[in-house]
Structure formats: C-alpha cells, structure tokens
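Same order as they appear, the protein sequences are chains S and X.
Counted from 1, the first sequence has number 118 at position 118 by our numbering; the numbering is strictly sequential.
Count along the second sequence starting at 1, add 1000, and that's the number in our numbering.
Glycine included, C-beta positions come from ideal geometry on N, C-alpha and C.
Notes to accompany the following structure.
There are 2 protein chains.
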Amino acid sequence: MVGFTGGRLLASADETAAQPAPSEHSDIVSAFGAHQAGIATAQQRYATLVVADLTVSDAASFRRLMVDVSATVALITRGEEPPPSRMFPEGATTPTDFATGLSPSRLTVTVGVGAGVFELPGMTREAPRRLRPLPAFAGDHLDPRWGGGDMIFQICADDAQVVSAAMRALRARLPGYAVIRWTQSGFISVPEGGGTPRNMFGQKDGTSNPPTGSVEFADTVWTLPDEPEWFAGGSYLVFRKIRMKTANWDLTARDEQDAVIGRRRSDGAPLTGNEEFDEPDLEATGADGTTVIASDAHVRRVHGFSMLRRSYNYDYGFLTAMAGGSPDPLEHPENHPHAPGTADHHHGGHGKLDVGLLFCAYGNDPDSQFIAAQQRMAEQDRLNAFIQHTGSAIFAILPGFGKDGYLGDTLV
Amino acid sequence: MVGFTGGRLLASADETAAQPAPSEHSDIVSAFGAHQAGIATAQQRYATLVVADLTVSDAASFRRLMVDVSATVALITRGEEPPPSRMFPEGATTPTDFATGLSPSRLTVTVGVGAGVFELPGMTREAPRRLRPLPAFAGDHLDPRWGGGDMIFQICADDAQVVSAAMRALRARLPGYAVIRWTQSGFISVPEGGGTPRNMFGQKDGTSNPPTGSVEFADTVWTLPDEPEWFAGGSYLVFRKIRMKTANWDLTARDEQDAVIGRRRSDGAPLTGNEEFDEPDLEATGADGTTVIASDAHVRRVHGFSMLRRSYNYDYGFLTAMAGGSPDPLEHPENHPHAPGTADHHHGGHGKLDVGLLFCAYGNDPDSQFIAAQQRMAEQDRLNAFIQHTGSAIFAILPGFGKDGYLGDTLV
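And the structure:
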C-alpha cells in the first residue's frame, strides 16, 4: 500500500504524484497507486462491466477473494499470467492464454463494492456515508436483469479481446466466493486527431468533464473528508444503462436535435457559443425574447452538476430483444411505425434495437452530483422523450492499492 | 456494373484486376468490383451480421430495396452520407451522423440472399444450385432465435462505432421491405506484428485459409461454372454460431488441448511440424506406434476441406443468458461445478457465459466444403466436447456491382 492514510486529497504536484506511475511501456497502466487505475486513466476504447453477488459467508472469505483478485489484477494488467489457483493449478492453461500475442492495451480493472458487502458477518468498518440505493426517478424503465449487485469490476482496454481475456481471468477467481449477476459491454471511438467521443445520438459526450489532474477533478471525484478513513482515495460509481431511441432521434430534424440538447451536434458548442468548451449562456435571449437555450434543454437542466462521466456506447443490435423473455419492457408501440410484415410476429419491430449508453459517473457525492442532476432531468428535460433508463446500480469504488497490499486492504 | 458477364473466373492477373480497386485512402475499401468487398478483403477487426426477413410482395419491390441498399453501401463505405429516403428526407439527420469525425475504417457491407428470395412472385432467375438448407448435424444445439433468414448484411470495419453506424444506416432502408430477424456482433484482434488471430480457446484460427489472390482462393470461393449465369462472381456463406465452453476448456491441461486440436496452441504448428503453416502429417507415428495426430483430433477430421474462414470471436458475457427466456438451451449442468450461492437462483451459474465464434465460411460448394467437413466432425471429433453449434444459416452471396449498377442487378 502506498503511503496514503486518509484525509482530503489536495490537487497539486502531490496529487499528480499520487496518480498511478506511468510505466516503461505506454500500453501498460500501473494497477498501483493511491487511487485505482481506470478512473483518471485516459478512457480506453472498450469496456466490460462485470457485476457479481457475493456467496461468501463472512468478511474473512471476502478478504481472501480480494487478495486473490488483487494479485490477478496486478499481473494481467502487465500482460502476465494470473497466479495459479484452485481452479487453475500450476501448469494448467489459464484464461488469458487466448490473448497470447496481444499487448496489454492499457488494461485496467477497477473494483467497487455495493452495500451488501457491509452486511457480511465480521465486517467491522462502516459503510461509505453516501452508499445508499439510488432513489426512483420519474420515467425510469428499470429492468431487474441489469441492476444492483455486491461488486463491480470495470474492465477497460484498447482491445476487445484483451477485455474479454481479463473478464475470464477474473471470473476464474469467483467460484466459491461470488456469482456473476450481470455484464454489459461497450465501446467508444476517438475521432481522427483526437477530441471528445460521440454517443449514439451523434452528440459529443463528456465535454463538461473536469480536466484530469485539476483541482476540480480531485474535488469532484475523490472521497470527501467526512468519509470513513479506510475509504480515503476512493470514489462512487453510478451506473445507468440508458437505452437511446435511435429511430425516433434519427427522424428528428437537426435543429430540433440541437434544441433538445442545447448544443450543436456538429461541433458540440452550446447554442450560445462558438466552440465546444465555451460555457453555455443560460440567460442569452434570441430575437423572439425567449432564451436561446430552452427552459427544458438538456444542457440547462443538468448545468452545474460536476461529475466525471466515463461512459461507453453500446450496440447490442437485436441481441437482447431476441434473447428476451416476456414481457419486454423495451418494447414500445410508438417505435413501430410500419405495418407488421410476414415475419414480424416472431422477431419483428424496430423497437427491438438495443442501442445506447452505459452511463458511468464517478464522483464523491452522488446526492449532490448524479442524483440531483437526474432529479432535475427526470422532472423536465426534452431529452427524456428519446431515452429510457433501463439499468441502475451504485458502488463504492475502493481506494487504490500498492505492491504489498490488496484492493480493500484498509477495509477488511 | 463492371464488364463481367459470367463463366468461371480464372485466378490470374485478370483475377487480381477484378478485385475491388484500392482507393486513394487506405481506410476506404471500394464497394465496387466483380466480387463484393468483404470477402477477399483483409479481415477487419469488428463485424455485425444483420439478417432480415423480407416483407415485400414481389420481385419488383425487392429490386427497389436492392437499388436503395446499393446506393447506401456505395456512399457509407466512402464515409459519405447515405442518400435521402422516405424515412430520412433531405435535410434530416442521418444515422451515420453519430460517426462524424471517424474514418471509414475499411468499412465493407457484403450482401447475401436466402432461399426465400427466389420464391418472390415475379422472380424469373433460378436459385443458385447449392442454396439448400443445411442438413441437421449430430450434436447440433440450434436455437431458432439465431438462425435462417432471407437476407444477410455482413458489416465489417476496423472501428466498432463505424460498424454500428453502418448498421443503423442500412436498417433505415428496410422499413416497408424487410424486418430484422437476428443480429450478431464479433471482433478479432491481430497480434502485435501481425499473424493469424486467435479464437476464444487461444488457438490460431484461419491458418489453413487459401491465400488471397491465389488460384486456390478463386477455386475455393467464387462460383463454379455450372451455376446460373447471373450468379457468376458470387459465393456462398455458411454461418454457424458456435458457443465455446470456455470453462471446460480452461480446465483442460495444455497438452490435452493440443491433442484435441492436433496443433500446438503456442505457435499453431501441427503436432507433427515445426511451424504454423507446415502441412499436418497424418501418418506420422510416435514412440507408442499410434499416430501423433490422434484419429479424432480436430485437424485430422476436417483435413482436406478447403474454404475461406472469415470468422469473428464473440463475447456476450452473461448478456444473452440474462435476457434469456426459458428453457435456455445453453444451460448445462456440467458447467455448474459449484454449489449455488444466495444469488444463484436468479442469475447464477457459470454455464451462462456466452462466448465463442461467429463462424463464417465462404465457398463455392457448401456440399463438398462446409457440409462435408461438418459431417466428418459431427461424426467424431474430440473438439465436440467443448463446443455447441447454436445458430445456423446459409446464404448466396451476390456478385459484385459497379458504379452504374446495383447489388443483384443480374438477378432482378
């Protein structure tokens, strides 16, 4: 464990030093540091979120899992084999073999815990103060298939097969300790020449993120001083699976799309500005005397709430719809403008397309950050007509760990 | 349409010239040529297969769809906007907008038709001679959710978001003509320094493919001379969704894995050879007098069947299992070595992981190529213990088209 014992982090030269040290290979992100990798790390192109429910009966078993997971994370993020285990004894093949020949591709594994962990017999530390179930929001279409859970593994890398290999390596540590509850996988594409990635509505997504290494970043993301001491250097992660009604969006005129968001799709600038990073002017009025950025425009509704958005696009095509039982909460008649064809009764309509955003927001105060923003948005936001929140979870992201420690070594 | 009117293609300088012309940008693959792009094209990193069922009532409507699809393919593969349509009139946004700023990333769209197309009223051309339903194979675990269909769009690119954008652009052409039946998405990762990609068992996949541009390639892939004249320059595509029981595989010792395949996982060489591209020696015997490559080793069972394998790995995590109705044909008790935990009853076991291969084989004679190989394999193959075929379809891949033509212009 690095020499970090709690208290509020100051964003400064010290803060920069507390980031995971850059390693000799640019495709390796060190797993070690005061904070876990995969948060301040420049966003990788692919991610799988793996959420598990614990099956252990006490804190000591949970500790064994965390020690084992940490050793695995430390090795696989360097492109090395995971340690031998009951399931994979010395000399057996290991799940990462199938990524042989691939670079580590900036693999990171970021681990968080849900409220259930603090109910384990033998757990003596108190839960993070803000680790409470998210409230219900107006308009939620939550599907119990992809929500909740005791632990999250956010696995990110610049190569999809490396993410897949890491997922299998981690899954191999779970038997006897936990069972996978849900998984989600996504991607982002970085424009030629760099810049903010676009979501599946074509809008730049992440424009208002605090800059990495800034005071604002630290003040937004890392734990507040009133949190339990063991949690210092951690964060909270709010996950929402947000289905985007792409057919409805695509049929909406461009200027109306821009009005819905309050930004121009073309360059990401607010309707009152010239460039992507210009501050929106919420007071500016147009020739007709009304505000340029409408009262229910998305950018106005969520203005002033700081969080680190580290989201991924997803495109499951018809996969989840095909695999779906009944009833399908994603199925909406308004997405079926066309008469059913001969084949429609068995696989059918256009509402089956499951495309959207795996919204991931890091922050140290979900109440005043994600929850407050989402309440404002749920209340009134022109964007609501085009999206549905179908998955939801909140986790406390553990502090970082050091070469001689393990994830959660201040906790258990 | 290029000047190509039928007859068997000769692999020669002429054949090379008949390949889609390299364009000025290395990230653009021309859609035009005697053959469709996306077959001889060096395999891109991401693919989505979109299969649709027609809802048109006659060949003339099908022709309109093909004209529209072709215009769309020609434009989006150059990174340009799709043409205006009823669904997306001039000035409306278009589905590719969300890929703004991304390169075309070697996008290709390869279109094939199923047997249903030839039953359309007004269709005068005869069906390809070998376009027959695949026979049932011993061991099949086919799931009706991902099989069959009237049309396939194989969408490939080096960027996942570009594939997704192309899928939406094509889907926008379907209303009134077709409905999507199933989709599948996959990836391959190319090792540092190049070479054959690995599948989810860690084995190199595609070693025995005929080299692009060779006589063997042309003799294997492009239509035989006894096919209907309109079909010249086309091919057949056999799709199989092959679930790989990774937990069982991972628990198998390395030397046994190598024996199952008949090749070494490490370098892909046959057990009788030194290098990946050495020909397997099926007669060679070891010290104990038995053949080095076992009688039921995979490489022996499928030896001598030539086809162009252009497969993609897939990793759906627990996605399809979570979304699954009942009964789940993928669920097998032998994959549940661990006692169910507290959460197991609702999401549970390790058999839920849906990982494997989107097997895509191009060839001009499915009977003597895929079907013969699969019959040999179904009969006896040590690999069968580790895989399940869960999806199946066959399509006739249309000949290529030219700047003034459209996909299927020799057909309808």
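Test: ALA160 of chain S CB closer than 7 angstroms to a CB of chain X: Cβ-Cβ to chain X under 7 angstroms: yes for ALA160 of chain S.
Segments assigned beta strand (DSSP E), at least 3 residues, entirely inside the segment 1271 to 1324 of chain X: Whole beta strand (DSSP E) segments, 3+ residues: 1312 to 1315.
GLN375 of chain S in three-state terms, based on DSSP: Taken through DSSP and simplified to helix, strand or coil, GLN375 of chain S comes out as helix.
Under 9 angstroms from the C-beta of PHE1187 of chain X: neighbouring residues of chain S: For PHE1187 of chain X, the neighbours in chain S by C-beta distance under 9 angstroms run, in chain order, TYR46, ASP159, ALA160, GLN161 and SER164.
Backbone CA spacing between ALA385 of chain S and TYR1046 of chain X [nearest angstrom]: C-alpha separation (whole angstroms): 31 angstroms.
Assigned secondary structure, THR100 of chain S (DSSP; H/G/I helix, E/B strand, else coil): In this structure, THR100 of chain S counts as coil in the three-state DSSP scheme.
Which listed residue (X:LEU1065, X:SER1085, X:ALA1052 and X:VAL1109) has its alpha carbon closest to that of ARG1078 of chain X: It is X:VAL1109.
Reference PHE239 of chain S, options S:GLU379, S:ILE371 and S:LEU407, closest by Cα: Looking only at S:GLU379, S:ILE371 and S:LEU407, the smallest Cα-Cα distance to PHE239 of chain S is reached by S:ILE371.
Under the three-state DSSP convention, the category PHE118 of chain S falls into: Three-state DSSP puts PHE118 of chain S in a helix.
For ARG125 of chain S and TRP479 of chain S, believed in contact at Cβ under 8 angstroms, the rounded distance: Nothing in the structure corresponds to residue 479 of chain S, since chain S is present only between 1 and 412.
SER105 of chain S burial status per 10 Å Cβ neighbour count (16 or more: buried): Answer is buried; the Cβ neighbour count reaches 16.
Rounded distance between the beta-carbons of GLY206 of chain S and ARG309 of chain S, thought under 8 angstroms: Right, their Cβ atoms sit about 5 angstroms apart.
Closer than 8 angstroms at the beta carbon, the chain S residues around MET1066 of chain X: Neighbours of MET1066 of chain X in chain S, taken as residues whose beta carbon is under 8 angstroms from its own, are absent, since the nearest beta carbon is some 17 angstroms off.
Distance cut-off 6 angstroms: GLU80 of chain S Cβ against heavy atoms of the ligand ZN: Looking at this structure, you won't find the ligand ZN or any other ligand, since it has none at all.
ASP1255 of chain X classed as buried or exposed, judged by whether at least 16 other C-beta atoms fall within 10 angstroms: Taking all protein chains in view, the Cβ of ASP1255 of chain X is surrounded by fewer than 16 other Cβ atoms within 10 Å, so the residue is classified as exposed.
Cutoff 7 angstroms: SER1103 of chain X Cβ touching any chain S Cβ: So, interface residue.
Supposed close pair ILE152 of chain S, PHE395 of chain S - CB separation, criterion 8 angstroms: The Cβ separation is near 5 angstroms, so the contact holds.
Where PHE187 of chain S falls: helix, strand or coil (DSSP): The answer is strand: DSSP assigns PHE187 of chain S an E or B state.
Closest residue to ALA165 of chain S among S:LEU107, S:GLY273, S:GLN380 and S:ALA253 (Cα-Cα distance): Cα-wise, what sits closest to ALA165 of chain S is S:LEU107.
Burial state of VAL1412 of chain X (16 or more Cβ within 10 Å): Buried.
Other residues of its chain near ALA359 of chain S: CB distance less than 6 angstroms, five sequence neighbours each side excluded: Reading the sequence as shown, one finds Phe at residue 359 of chain S and not Ala. Cβ neighbours of PHE359 of chain S beyond the five flanking positions: ARG240, ILE242 and SER311.
Reference GLN161 of chain S, options X:ARG1376, X:SER1392 and X:LEU1357, closest by Cα: From the listed residues X:ARG1376, X:SER1392 and X:LEU1357, the smallest Cα separation to GLN161 of chain S is found for X:LEU1357.
Close-in-space but distant-in-sequence residues of the same chain around ALA284 of chain S (CB under 6 angstroms, 5 per side omitted): Excluding positions up to five away in sequence, the list reads THR272 and VAL292.
Rounded distance between the beta-carbons of HIS1389 of chain X and PHE1137 of chain X, thought under 8 angstroms: Right, their Cβ atoms sit about 7 angstroms apart.
Option in S:ASP158, S:ASP288, S:PRO175 and S:GLU227 with minimal Cα separation from LEU398 of chain S: Taking LEU398 of chain S as reference, the option from S:ASP158, S:ASP288, S:PRO175 and S:GLU227 with the minimal CA-CA separation is S:GLU227.
Cross-strand partners of ALA157 of chain S (DSSP beta bridge): Paired residue(s): S:TYR46.
Beta-carbon neighbours of ASN248 of chain S, restricted to chain X and to distances below 7 angstroms: Neighbours of ASN248 of chain S in chain X, taken as residues whose beta carbon is under 7 angstroms from its own, are absent, since the nearest beta carbon is some 11 angstroms off.
Below-7 angstroms beta-carbon distance, PRO329 of chain S vs any chain X residue: Because PRO329 of chain S carries a pLDDT of 39, less than 50, the predicted location of this residue cannot be relied on, and the following value inherits that uncertainty. The Cβ of PRO329 of chain S sits no closer than 7 angstroms to any Cβ of chain X.
Reference GLU1276 of chain X; option with closest CA among X:ARG1265, X:ASP1354 and X:ASP1409: Ranking X:ARG1265, X:ASP1354 and X:ASP1409 by Cα distance to GLU1276 of chain X puts X:ARG1265 first.
Short Cβ contact (7 angstroms threshold) for VAL1073 of chain X with ALA1031 of chain X: Taking 7 angstroms as the Cβ cut-off, VAL1073 of chain X and ALA1031 of chain X qualify as a contacting pair.
Per-residue DSSP class, three states only, for GLY1408 of chain X: GLY1408 of chain X sits in coil when the DSSP states are folded into three classes, being neither helix nor strand.
Candidates X:THR1100, X:MET1123, X:GLY1405 and X:ARG1168, of which the one nearest GLU1080 of chain X by Cα: If we check each option's Cα against that of GLU1080 of chain X, X:THR1100 comes out closest.
8 angstroms Cβ cut-off: residues of chain S touching GLY1405 of chain X: Within 8 angstroms of the CB of GLY1405 of chain X, no CB atom of chain S is found; the nearest one sits about 27 angstroms away.
Bridge partners - HIS389 of chain S, DSSP secondary structure assignment: In DSSP, HIS389 of chain S forms a bridge with S:ILE242.
Of the residues S:HIS298, S:ASP27 and S:SER368, the one placed nearest ALA157 of chain S, counting alpha carbons only: Of S:HIS298, S:ASP27 and S:SER368, the residue nearest in Cα terms is S:ASP27.
Among S:LEU65, S:SER306 and S:LYS352, the one whose alpha carbon lies nearest that of SER368 of chain S: The shortest Cα separation from SER368 of chain S among S:LEU65, S:SER306 and S:LYS352 belongs to S:SER306.
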